[in-house]
Amino acid sequence: MEHHRHDVVVVGAGIAGLYAAMKAGESADVGVLSKVYPTRSHSGAAQGGSAAALGNEGEDSWEYHLYDTVRGGDFLGDQDAQELLVKEAIPVTYEMEHLGLPFSRTPEGKIAQRPFGGHFSKFGKGPVKRSCYVADRSGHAQLHLLYEQSLKQGVRFYNEFLVTSLIIEGGVCRGLVALEIRTGNLHAFWARAVMLATGGYARAWRVTSNSHANTGDGLPLVAKAGVPLEDMEFVQFHPTGLYPHGILVSEAARGEGGYLFNGEGVRFMEKYAASKMELAPRDVVSRAEQTEIDEGRGIDGGEYLNLDLTHLGADAILERLPQIHELVVKFAAVDCTKKPIPIQPTAHYSMGGIPTDLDTRVLLDGKKQVVEGLYASGECACVSNHGANRLGTNSTMEAAVFGRRGGIAMAKFVRGAGPILPGDERDTAAAEEEIEALRSRTGRESAKVIRAELQASMTENVGIFRTAEKLQKQVKFMQTLKERFKEVGVSDGSRAFNTELTELIELGGMLDFSEIISVSALARQESRGAHSRKDYPKRDDVQWLRHTLAFREADGSIRLDYKPVVINRFQPEERKY
Ligand SMILES: Cc1cc2nc3c(=O)[nH]c(=O)nc-3n(C[C@H](O)[C@H](O)[C@H](O)COP(=O)(O)OP(=O)(O)OC[C@H]3O[C@@H](n4cnc5c(N)ncnc54)[C@H](O)[C@@H]3O)c2cc1C
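First residue of the sequence shown? That's 485 in the working numbering, and the numbers climb one at a time after it.
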């Protein structure tokens, strides 16, 4: 096994990982591992932009942004973290501008801003333009900027390396083991600080906006070390996934003025959110859509609705939403300047994840105790910016703000910490054995079939609307899938680019956290944000205004604990749009 040493090792090259690497790289020696080439990370698919209350196109303030984020998250977000997000969003936007991000501009040359769902001015009252964007290629531009700037800082990249284990001993993270996909060789990385920035996990659903790499790999890595996963029941379904596969049509399409119609030609949002209509938060719009579909008012009675942009005019569509136009032509053979786009809700974003403090340090007990040297940021983490439901454009901003905070915190930590303590074969033996055992499996089950069954059952049982009956069914089914997983064989004996092996590793992790999602969702007997229980339709602040912490015990069972929500500014109120 080849051994490497860096002060800081970052796992993941999306916006969170690259921002952390760039910042830490100013003073520390940094290595970044990514299972896909950095600029292919899912952040590059973000179209709509990143929220910051610059007030370039009308009155705005961070207080308004904070209020929207708190209310959008149905009061489950930690308000100290949310305050940091909305305040730091402003200087972080200017930092990216000064580093060269080619923002779209207003006629007078300021950073242009567009409206997005759930964002308002004057504490929920007026409209606001808050999303800073680069046409509809915002994430792509950020990713390229941060990659180039990380290279400039001398950050070393290990591309197409799949991290399979963390090495944590006595509450201290010392490094990790990764599989080099190109050669099939294992590598050990020793570091003073390790950051997980492994992104989201909506690939556990059949209809999803997420790229193939979004298999949530970071979560099982920490769960195995005894770290709980926080608020995993909160999974966002985006209202406009292209029918039938769920590829994302950005909310920018509604931000720019798109309408939603049902099969009767009615703008049905009138019934569900009369004042905010299509720009209500995503959980509200997705539930409205699913209700229309379930009650037979889909287009031609089917499983989809229409998103109509035609009234915006071809010029506006081609100038502000060029990627959406192209994507809809290519994947649905529809020209959206002339015809409405067929859409349906699609699994999109994970609000929950690895619990961290405000400096992105991972919390061993989910509450106060940190794992020394281990950090997490971006979509895989849960500092609890988004509570029970994320507002559009707050996520790339979270990845930037908290990736940046983490990078600075790690650089400071490694300055004060002792030398890197490289280990030897004894430390990596377990990780190596695990991979070798997978390689030599001869069972008859197929990973592809199990993955498809997982995705179909999560869509059916852990979708937009949930019930105890469906969730219990899923919890039980997870046991069956996990048993069958043990019988999956690997027929490809080659070492180079053995995708059968890498997909098997990913599937093992997906089964692990999908069970945690199902158990956490079954326990939460209320409806809040994206977690909507038909059998408990109301939000219950007395019982459930608290975060879920799900621990994977040594015997494989899941233990649930809870912790209070940080509420220091806005008290819970009824959420009406
Ligand atoms: C289609 C789409 C559009 C979106 N649009 C917007 C938007 O307009 N605005 C907004 O705010 N948010 C948007 N979001 C959400 C937002 O883009 C993501 O939440 C955010 O970019 C996640 O960034 P990240 O750095 O946490 O992870 P990612 O960008 O997903 O990167 C994860 C990284 O981890 C690496 N990785 C994962 N597992 C391993 C492993 N085992 N070993 C090594 N490397 C690993 C991957 O290679 C990758 O580099 C969108 C999401 C999607 C899917």
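Virtual Cβ for every residue (Gly too), placed ideally from N, Cα, C. As the structure is a prediction and not an experimental result, all values here were calculated from the model.
Between G836 and D715, the beta carbon gap of about 4 Å places them in contact (Cβ cut-off 8 Å). Rounded to whole angstroms, the separation of the alpha carbons of A895 and L791 is 46 Å. Of the heavy atoms belonging to ligand 1, none sits nearer than 7 Å to the Cβ of L635. For I838, the pairing in a beta bridge is given by DSSP as A865. Following the DSSP letters along the chain, one finds P806 inside the alpha helix (DSSP H) bounded by residues P806 to A816. The region 684-695 and the region 930-948 touch, with three or more beta-carbon pairs separated by less than 8 Å.
In the DSSP assignment, S545 falls outside any beta strand (DSSP E), carrying neither H nor E. The beta carbons of V647 and G659 sit about 10 Å from each other, so the pair does not count as a contact at 8 Å. Boundaries cannot be given for N694, as no beta strand (DSSP E) includes it and DSSP labels it neither H nor E. Around the C-beta of E762, 16 or more other C-beta atoms lie within 10 Å, and the residue is accordingly described as buried.
Closer than 7 Å to some heavy atom of ligand 1: that describes the Cβ of P522. Taking C-beta separations shorter than 7 Å and ignoring five residues to either side along the sequence, the partners of H628 in its chain run T523, following chain order. If you check the CB distance, T590 and N540 come in under 8 Å. M580 counts as buried, since at least 16 other C-beta atoms from the protein chains shown sit within 10 angstroms of its C-beta.
A direct Cα-Cα distance of roughly 9 Å separates E909 from A672. Shown here, F641 sits in a strand according to DSSP, grouped into three states.
A distance below 6 Å between beta-carbons, with the five flanking residues on each side excluded, links T877 to the following residues of its chain, in chain order: G532, G533, S534, A535, F600 and S615. Under the rule that a run must span 3 or more residues, no beta strand (DSSP E) segment is found entirely inside the region 900-953. At least one heavy atom of ligand 1 is found less than 7 Å from the C-beta of N878. Across the set L858, D976, Y727 and L988, the C-alpha of L988 shows the shortest separation from the C-alpha of K932. If you compare the alpha carbons of Y833, E632 and E984 with that of G871, the shortest gap goes to Y833. Contact annotation: R676 and G857 have beta-carbon atoms nearer than 8 Å. One thing to note: W674 has its Cβ no nearer than 8 Å to the Cβ of P903. DSSP places V898 within a helical segment (H, G or I) once states are collapsed to three. The residue among L955, I665 and E567 with its C-alpha nearest the C-alpha of F645 is I665. The region 786-801 and the region 680-688 do not touch, with fewer than three beta-carbon pairs separated by less than 8 Å.
Spatial neighbours of N698 in its own chain (CB-CB distance under 7 Å, excluding positions within 5 residues in sequence) are listed in chain order as H526, G683, G684, Y685, A686 and R687. Between the C-alpha atoms of P1056 and P1048 there is a straight-line separation of about 14 Å.
Look at the beta carbons and you see the region 821-828 touching the region 722-736: at least three pairs across the two are nearer than 8 Å. Judged by beta-carbon spacing, A500 lies within the 8 Å limit of A883, meaning their Cβ atoms are closer than that value. Taking 7 Å as the cut-off, one finds no heavy atom of ligand 1 near enough to the beta carbon of V618.
Assigned with DSSP and collapsed to three states, F969 falls in helix. In this structure, ligand 1 has a non-hydrogen atom nearer than 7 Å to the beta-carbon of I499. The continuous alpha helix (DSSP H) containing H628 extends over residues S622 to K636. Apart from the 5 residues on each side of it in sequence, A497 sits with its Cβ closer than 6 Å to the Cβ of V516, S518, P522 and S525 in its chain, given in chain order. No residue range can be given for L763, since it is assigned to no alpha helix (DSSP H) and is classified by DSSP as neither H nor E.
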